[in-house]
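Asks:
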Amino acid sequence: MNAKVYEAMNDQIKHELYSAYFYLSMSAYCETENLPGFAKWLKVQAEEEQEHAMKLYDYLLDRGEKISLKAIEQPPVEFKGVKDVFTKVYEHEQKVTGLINGIYAKAVEANDVASQIFLQWFINEQVEEEKNASSVLAMVTKLEGSLGGLYQLDHQLGMREAD
Ligand SMILES: [Fe+2]
Ligand SMILES: [Fe+2]
160 MNAKVYEAMN
170 DQIKHELYSA
180 YFYLSMSAYC
190 ETENLPGFAK
200 WLKVQAEEEQ
210 EHAMKLYDYL
220 LDRGEKISLK
230 AIEQPPVEFK
240 GVKDVFTKVY
250 EHEQKVTGLI
260 NGIYAKAVEA
270 NDVASQIFLQ
280 WFINEQVEEE
290 KNASSVLAMV
300 TKLEGSLGGL
310 YQLDHQLGMR
320 EAD
C-alpha cells in the first residue's frame, strides 16, 4: 500500500477509538445527570465507533499491512448540559468527515482503487452520523428550558438499539 494512505488509515483507527472514548465519556456524564436515554444513545454510538475502528483494522490486515496502534488521548470529562454534549458530538463528526475525506484524497492521489471503494462506506456513514448528531442537537436546542420535553426526548433516545 502507498505509505501515505497506509499511515492515514492506521491513524484513523486511533481517531475512531477516540470517538468511542469521547462518546463513552459523554454517556457517563449523562448517566450522572439522570438522563439514561441520552446515556444509552451515546453508549450505542461509542460501540459503533469501535466497529469503525475494527473495519479499518481488518482492512489493513487484509491488505497485508502492519497495525501500529497509537496512544488515545483523554476525552473531556465535564460538560455543561446536553446541548453542550450534542454541540460537541456534531462538531466532532464534522471533524471526522474531514479526516475521512482526507484519506480518500490520498487514496485517489495514490491511484489506490480498492481503498477508494473501501472508504465509500465511511463516506456514506459520515453523512448519517452528521445527520443524526445535528437532528438531536436541533431537538435539544428546541427543548431548551422545558424539563418535560427533555425527559420525553430522553425516553425517545433511550429506545435506540445497537445496529
Ligand atoms: Fe466513526
Ligand atoms: Fe462517528
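The numbering of the sequence shown is this note's numbering, which starts it at 160 and goes up by one. Quick reminder that beta carbons are idealized off the backbone N, C-alpha and C, glycines included. If you're wondering where the values come from, they're calculated on a predicted model, not measured in any experiment.
1) By DSSP, does glutamate 208 sit in helix, in strand, or in coil?
2) Relative to ligand 1, is the shortest distance from any of its heavy atoms to the C-beta of glutamate 175 smaller than 8 Å?
3) With DSSP run on the structure shown, which of helix, strand or coil describes valine 236?
4) Suppose the cutoff is 8 Å on Cβ atoms and the five residues either side in sequence are ignored; what does the same chain contact list for threonine 246 look like?
5) Kindly confirm or deny that the segment 168-186 and the segment 197-213 touch, where touching means at least three C-beta pairs closer than 8 Å.
6) What is the C-beta distance between leucine 219 and asparagine 270, in whole angstroms, given that I count them as a contact (C-beta under 8 Å)?
7) If you measure from the CB of glutamine 285, is any heavy atom of ligand 2 nearer than 8 Å?
8) What's the gap between the Cα of asparagine 291 and the Cα of glutamine 285?
9) If you draw a straight line from the alpha carbon of serine 184 to that of proline 235, how long is it in whole angstroms?
10) Can you grab the Cα-Cα spacing for the pair asparagine 268 / aspartate 313, in whole Å?
11) Can you list, in chain order, the residues of its chain with a C-beta nearer than 7 Å to that of leucine 194? Leave out the 5 residues immediately preceding and following it.
12) Using CA atoms only, rank isn't needed, just tell me which of Cys189, Thr256 and Gln171 is closest to serine 227.
13) Among the residues of its own chain, which have a CB less than 8 Å from the CB of tyrosine 216, if the five just before and after it don't count?
14) Need the endpoints of the alpha helix (DSSP H) that lysine 242 sits in, please.
15) Can you check whether the CB of leucine 316 is closer than 9 Å to the CB of lysine 199?
16) Among Arg222, Glu287, Leu302 and Gly304, which one has its Cα closest to the Cα of glutamate 207?
17) Can you look up isoleucine 231 in the DSSP assignment and give me helix, strand or coil?
Replies: So, from the data block:
1) If DSSP states are grouped into helix, strand and coil, glutamate 208 belongs with the helices.
2) It does: the Cβ of glutamate 175 is within 8 Å (strictly closer) of some heavy atom of ligand 1.
3) Three-state result, valine 236: coil.
4) Leu296, listed in sequence order.
5) Contact between the segment 168-186 and the segment 197-213 is present, because at least three Cβ pairs lie under 8 Å.
6) With a contact defined as Cβ atoms closer than 8 Å, leucine 219 and asparagine 270 miss out at about 18 Å.
7) Relative to ligand 2, the beta carbon of glutamine 285 is positioned inside 8 Å of a heavy atom.
8) Rounded to whole angstroms, asparagine 291 to glutamine 285 spans 10 Å at the Cα level.
9) The straight-line gap separating the alpha-carbon atoms of serine 184 and proline 235 is approximately 7 Å.
10) The question names asparagine, but residue 268 in the sequence shown is glutamate. Their backbone Cα atoms lie some 45 Å apart in a straight line.
11) Around leucine 194: Val241 and Asp313.
12) Cα-wise, what sits closest to serine 227 is Gln171.
13) Here the set comprises Ile172 and Ile226.
14) Under the DSSP assignment, lysine 242 falls in the alpha helix (DSSP H) whose first and last residues are 241-268.
15) Going by C-beta atoms, lysine 199 is nearer than 9 Å to leucine 316.
16) Closest by alpha carbon: Glu287.
17) Isoleucine 231 falls in the coil class under three-state DSSP.
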